[in-house]
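Written out below as structure tokens is the structure these notes cover.
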DNA sequence: ATGTTTATCTCGATA
DNA sequence: TATCGAGGTAAACAT
């Protein structure tokens, strides 16, 4: 990993064209050749970047050579090309404030907990939170267009398809609608009703769900985990 | 901006919990207090981070103090807390390989070109590229569930709703379908047909569009811009 | 390799 | 301030 702090100007051409005027910034060149251009603010997104796989070609000029080019006195130029897409990033360095390099090796990686997969597992384990008498048929119930998160049966034995999202938005309702359409063609299952379950559901998604006859349920991750932990402790 | 390269371990609790085991990484502290943890690969997104607004509290131990804590001999600990959400990031530094700081100032910002809004403007200006006799009714034609990109009329005076995407995917077809359903309830407009226009349209989106009776048109950004420039030059 | 879905999404526009 | 839609979405996961 090479770290450069420098006054620089950046041009990107690819799916769009973008330009960063001359200013001091942090430039990171990673081991795979990818490049990040960061300012001293904003959030984790770089101002500009090139993703791997890509090739970095460096052109250098002496200060004397640069001085001859009065209008554009850069001393170093990086041309980073993405092999497949043809995207191109050009960084021109004007004044280098720092330039260092380190060998970091491959990272052992991140351990995560609390994402949608966990929500699904928790809800499957505690399916009766959706209504008394609910029973799990199976998680990831396959259909021709992909698996439904959970298929269950309610107290009356009627099939219920459940779509789980961390954030309930309109797309999720559309997705569940497509699943329901397919599932209801199966005479062994029909009629199948839908439940849209999420930690938070946007108003537009609620309206669309209501229009499609789909119920909405708000999930409380911590409460579900609490129930689950309590269950586990019983054994 | 402070740059630290160090062997470190990271823990995050917030919308999820995550842990990074001990390994050498790049740590960036920006002027607004935000923190990024980067590995030497897998670009763009940090392994872990804290977005502003947040507060950074640093605890340091002398090497002697650290040595006394045999199991966990960190010399410096960062506690980064997000004020609103209660998210918390803890970084423990074990061996610092580099530690530098720079004043970069506020970035002048990115100049972009070629996004969807531009495509929409270009197509509105050159609506006849969709068919001879086409005329623009208006851009961003409002409906109860949001504005349609373009409403036009064809040579026969029939209404046409146009959805524009940079990349034509299944979501865009769903969106246009919803608009068409609503627009066709308006007796002053009905029947309204749909055109799905994008720089590239995925096969699945094409299939769905065909199934819904929606035409697909591939847009050539450079050609449209060429036409537009030519038009402009005529005046 | 390709398609699909998620995301501590980020970011900007808008009501 | 909240909400909504787009993104050079990126990245993970399944096919």
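Chains as they are written, first to last, in my numbering: chain A, 1 to 235; chain B, 1001 to 1235.
Here a beta-carbon is modelled for each residue, glycine too, at the ideal position from N, C-alpha and C.
Subject >> Cut-off 8 Å between Cβ atoms - residues of its own chain near residue 124/A, not counting five sequence neighbours on either side >> reply: The residue labelled residue 124/A in the question sits at position 124 within the first chain. Excluding sequence neighbours, residue 124/A sits near 136, 139 and 150.
Original post:
Does the beta-carbon distance from residue 1091/B to residue 1010/B come in below 7 Å?
Top reply: Sequence index remark: in the second chain, residue 1091/B carries index 91 (1-based). Sequence index remark: in the second chain, residue 1010/B carries index 10 (1-based). Yes.
Original post:
Nearest-angstrom Cα distance between residue 1235/B and residue 1141/B?
Top reply: Looking up residue 1235/B in the second chain gives position 235. Looking up residue 1141/B in the second chain gives position 141. Annotation note: pLDDT 46 at residue 1235/B (below 50); position unreliable, no value reported.
Original post:
At least one CB of chain A closer than 7 Å to the CB of residue 1132/B: is that the case?
Top reply: Counting from one through the second chain, the residue named residue 1132/B turns up at place 132. Residue 1132/B does not count as touching chain A.
Subject >> Cβ neighbour criterion (16 or more within 10 Å) applied to residue 1017/B >> reply: Along the second chain, one-based indexing puts residue 1017/B at 17. When all chains shown are included, residue 1017/B counts as exposed.
Subject >> N-terminal and C-terminal residue of the beta strand (DSSP E) that residue 1004/B is part of >> reply: The sequence position of residue 1004/B within the second chain is 4, counting from 1. It spans 1002–1013 - the beta strand (DSSP E) in which residue 1004/B sits, taken as one unbroken run.
Original post:
Considering only residues of the same chain and omitting the five flanking positions on each side of residue 226/A, which have a CB-CB separation below 8 Å?
Top reply: Along the first chain, one-based indexing puts residue 226/A at 226. Excluding residues within five positions, none has a Cβ falling inside 8 Å.
**OP:** List the residues that DSSP assigns as beta-bridge partners of residue 1024/B.
**Re:** Within the second chain, numbered from 1, the residue matching residue 1024/B stands at position 24. Answer is 1007/B.
Original post:
Who are the neighbours of residue 1045/B on chain A, taking C-beta pairs under 9 Å?
Top reply: Mapped onto the second chain, residue 1045/B falls at position 45. 44 and 45, listed in chain order.
Original post:
How about residue 1030/B and residue 40/A: do their beta carbons lie closer than 7 Å?
Top reply: If you number the second chain from 1, residue 1030/B lands on position 30. If you number the first chain from 1, residue 40/A lands on position 40. Cβ distance < 7 Å, so residue 1030/B and residue 40/A count as in contact.
Subject >> Given 8 Å, three or more beta-carbon pairs between the region 209–216 of chain A and the region 1064–1081 of chain B >> reply: no
Original post:
Applying a beta-carbon distance threshold of less than 8 Å, which residues of chain B neighbour residue 25/A?
Top reply: By 1-based counting over the first chain, the position of residue 25/A is 25. Per Cβ cutoff of 8 Å: 1104 and 1107.
Subject >> Three or more C-beta pairs below 8 Å linking the region 34–48 of chain A and the region 1040–1057 of chain B >> reply: yes
Subject >> Proximity test, Cβ basis, 7 Å: residue 1017/B and chain A >> reply: Walking along the second chain from the start, residue 1017/B turns up at place 17. Yes, residue 1017/B lies at the interface with chain A (some Cβ there is under 7 Å from its Cβ).
Original post:
Is residue 227/A helix, strand or coil when you go by DSSP?
Top reply: Within the first chain, numbered from 1, the residue matching residue 227/A stands at position 227. In the structure shown, residue 227/A sits in a helix (DSSP, three-state: H, G or I).
Original post:
Quick one: any contact between the region 1164–1178 of chain B and the region 1191–1203 of chain B, if contact means 3 or more CB pairs under 8 Å?
Top reply: yes
**OP:** Determine the DSSP secondary structure at residue 179/A, reduced to helix, strand or coil.
**Re:** For this step, residue 179/A is matched to residue 179 along the first chain. Residue 179/A falls in the helix class under three-state DSSP.
Original post:
Got a sec: is the Cβ-Cβ distance from residue 1100/B to anything in chain A below 7 Å?
Top reply: On the second chain, residue 1100/B is found 100 positions in, with the first residue counted as 1. Chain A contact via Cβ: present.
Original post:
What's the call for residue 24/A, buried or exposed, on a 16-neighbour Cβ count within 10 Å?
Top reply: Along the first chain, one-based indexing puts residue 24/A at 24. Buried.
Original post:
Name the chain B residues whose beta carbon is nearer than 9 Å to that of residue 56/A?
Top reply: Along the first chain, read from residue 1 onward, the residue named residue 56/A stands at position 56. Going along chain B, no residue has its Cβ under 9 Å from residue 56/A, so there is no contact; the nearest lies around 12 Å.
Original post:
In its own chain, which residues sit with a C-beta less than 8 Å from the C-beta of residue 202/A, not counting the 5 before and 5 after it?
Top reply: Working through the first chain from its first residue, we reach residue 202/A at position 202. Around residue 202/A: 167, 168, 169 and 170.
Original post:
Residues of chain B with CB under 7 Å from residue 34/A, in chain order?
Top reply: Within the first chain, residue 34/A is the residue found at index 34, counting from 1. Within chain B, the residues near residue 34/A are 1043.
Original post:
Taking only beta-carbon atoms, is residue 228/A less than 7 Å away from chain B?
Top reply: On the first chain, position 228 is the one that residue 228/A refers to. Closer than 7 Å: no.
**OP:** Counting only the same chain and skipping the five closest in sequence on each side, list residues whose C-beta sits under 6 Å from that of residue 189/A.
**Re:** Residue mapping note: residue 189/A aligns to position 189 of the first chain, counting from 1. Only 159 and 183 meet the Cβ criterion.
Original post:
Sorted by chain position, which residues of the same chain lie with C-beta nearer than 8 Å to residue 55/A's C-beta, five sequence neighbours on each side aside?
Top reply: For the purposes of this step, residue 55/A is taken as residue 55 along the first chain, with counting starting at 1. Cβ within range, chain order: 33, 80, 81 and 83.
Original post:
What is the rounded straight-line gap between the Cα of residue 163/A and the Cα of residue 110/A?
Top reply: Here residue 163/A refers to the residue found at position 163 of the first chain. Here residue 110/A refers to the residue found at position 110 of the first chain. Residue 163/A and residue 110/A: Cα-Cα distance of roughly 27 Å.
**OP:** Express the C-alpha separation of residue 1013/B and residue 132/A in angstroms, rounding to a whole number.
**Re:** Taking the first residue of the first chain as position 1, residue 132/A is located at position 132. Taking the first residue of the second chain as position 1, residue 1013/B is located at position 13. Cα to Cα, residue 132/A sits roughly 33 Å from residue 1013/B.
**OP:** Would you identify the three-state DSSP class for residue 68/A, choosing helix, strand or coil?
**Re:** Here the question's residue 68/A lines up with position 68 in the first chain. Note: residue 68/A maps to helix in three-state DSSP.
**OP:** Could you tell me the boundaries of the alpha helix (DSSP H) in which residue 1219/B lies?
**Re:** For the purposes of this step, residue 1219/B is identified with residue 219 of the second chain, where counting begins at 1. Element bounds for residue 1219/B: n/a, residue is neither H nor E.
Subject >> As assigned by DSSP and simplified to three states, the class of residue 1093/B >> reply: Taking the second chain and counting its residues from 1, the one referred to as residue 1093/B is at position 93. Three-state result, residue 1093/B: strand.
Subject >> Residue environment, residue 1204/B, which counts as buried when at least 16 other CB atoms sit within 10 Å >> reply: Within the second chain, the letter at position 204 stands for residue 1204/B. The residue is exposed, with fewer than 16 neighbouring Cβ atoms inside 10 Å.
Subject >> Among 1072/B, 1077/B and 1053/B, nearest to residue 1027/B - alpha-carbon criterion >> reply: In the second chain, counting from the first residue as 1, residue 1027/B sits at position 27. Closest by alpha carbon: 1077/B.
Subject >> Limits of the beta strand (DSSP E) - the one that residue 1140/B falls within >> reply: Sequence index remark: in the second chain, residue 1140/B carries index 140 (1-based). It spans 1135–1141 - the beta strand (DSSP E) in which residue 1140/B sits, taken as one unbroken run.
**OP:** May I have the straight-line CA-CA distance separating residue 180/A from residue 85/A, to the nearest angstrom?
**Re:** Taking the first chain and counting its residues from 1, the one referred to as residue 180/A is at position 180. Taking the first chain and counting its residues from 1, the one referred to as residue 85/A is at position 85. For residue 180/A and residue 85/A, the distance between alpha carbons rounds to 38 Å.
Subject >> From 1191/B, 1087/B, 1019/B and 1060/B, residue whose alpha carbon lies closest to that of residue 1157/B >> reply: Counted from its first residue, the second chain places residue 1157/B at position 157. Among 1191/B, 1087/B, 1019/B and 1060/B, the Cα nearest to that of residue 1157/B is on 1191/B.
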